[in-house]
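Residue numbers (the UniProt record's numbering): 1 to 272.
Read through the structure below, which is laid out as structure tokens, and then see the notes.
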């Protein structure tokens with residue numbers, strides 16, 4: 001780790017030397033991109049170096065609609081296709097995800113012998129992007145399919161009953177990727193702030209599948225491992241990052257130290 005740290009310092013110092021060596025009349029503009037601005041050395045960000053930041057976030061609904069129009073240009077779309085409806089269903093998608101969605105839909109339409117891409121192919125492509133391709137070769141016994149159905153129904157029922165949960169858009173027990181089924185919730189609109197009540201209802205929804213298994217079959221299965229992992233991550237963030245704990249109050253816990261070029265956490269100072 002020490003050697004890696006030395007290389008990092010040498011590279012950083014050389015970058016600073018090169019940037020400070022530019023004259024004001026050389027007409028040279030230096031651009032850089034990163035998805036981790038939080039771990040950049042402050043010396044890089046001072047005035048005269050990388051002093052102007054342009055943040056490129058994931059597109060909002062208007063951006064997604066525009067991106068879908070660009071990538072669908074030249075492709076035969078059925079009259080039933082509404083790109084604005086599709087944009088509402090793809091909250092959180094990146095530009096690359098949306099491009100992949102259109103391409104997947106075109107492939108599906110071609111395989112089915114259709115001359116135009118219909119909404120059916122586009123909605124199925126969303127599932128492919130989120131959960132992976134359908135695993136038609138996977139044979140699932142009737143008992144496991146029944147457990148999966150109750151599990152997904154548990155997610156949907158809890159989300160339906162809670163006032164701060166996102167609306168249920170689709171429930172599926174079609175095996176995709178490593179998952180035997182999934183329940184897709186869609187927010188009514190793009191959201192940039194999340195309340196404590198919304199996070200608590202999200203936790204309850206995630207654990208709804210596990211609870212349904214216990215109520216119906218009196219036993220848990222391994223099918224809830226992803227739900228438990230995500231719920232743990234959200235609960236941990238609520239307590240240690242977002243200050244949403246009643247007992248511990250509004251404060252953060254832990255101090256992370258990271259090596260920039262290794263791109264991984266090597267130390268975490270715990271104050272709890």
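From the three backbone atoms N, C-alpha and C, an ideal C-beta is built for every residue, glycine too.
This structure is a prediction, so every number in the text was calculated from the model and none was measured.
- With a beta-carbon spacing of about 11 Å, residue 109 and residue 102 fall beyond the 8 Å limit used to define contacts.
- Taking a C-beta distance under 8 Å as the contact criterion, residue 196 and residue 165 do not qualify as a contact pair.
- In the three-state reduction of the DSSP assignment, residue 234 falls in the helix class.
- In this structure, residue 176 places its C-beta atom within 8 Å of the C-beta atom of residue 135.
- The count of Cβ pairs closer than 8 Å, one atom from the stretch 72 to 85 and one from the stretch 46 to 60, stays below three, leaving the stretches out of contact.
- For residue 125, the number of other beta carbons within 10 angstroms of its own is at least 16, and it is reported as buried.
- The straight-line gap separating the alpha-carbon atoms of residue 227 and residue 151 is approximately 11 Å.
- Counting only the Cα atoms, residue 61 lies some 7 Å from residue 190.
- Restricted to the stretch 99 to 182, the beta strand (DSSP E) segments that are unbroken, complete and at least 3 residues in length are 168 to 172, listed in chain order.
- Taking the C-beta atoms as reference points, residue 240 is found no nearer than 8 Å to residue 229.
- In this structure, residue 58 keeps its C-beta atom at 8 Å or more from the C-beta atom of residue 27.
- Under the criterion of beta carbons closer than 8 Å, residue 210 and residue 188 do not qualify as touching, at roughly 26 Å.
- The alpha-carbon of residue 32 is positioned some 32 Å away from that of residue 88.
- Spatial neighbours of residue 250 in its own chain (CB-CB distance under 7 Å, excluding positions within 5 residues in sequence) are listed in chain order as 243.
- For the pair residue 186 and residue 171, the Cα-to-Cα distance works out to about 12 Å.
- DSSP links residue 86 through a beta bridge to no other residue.
- Beta-bridge annotation (DSSP): residue 223 is not paired with any residue.
- Under the three-state reduction of DSSP, residue 184 is assigned to strand.
- Per the C-alpha coordinates, the member of 192, 6, 29 and 184 positioned closest to residue 90 is 184.
- Residue 158 sits buried, since 16 or more C-beta atoms from the chains shown fall within 10 Å of its C-beta.
- Distance from the Cα of residue 41 is smallest, within the candidate group 73, 16 and 167, for 16.
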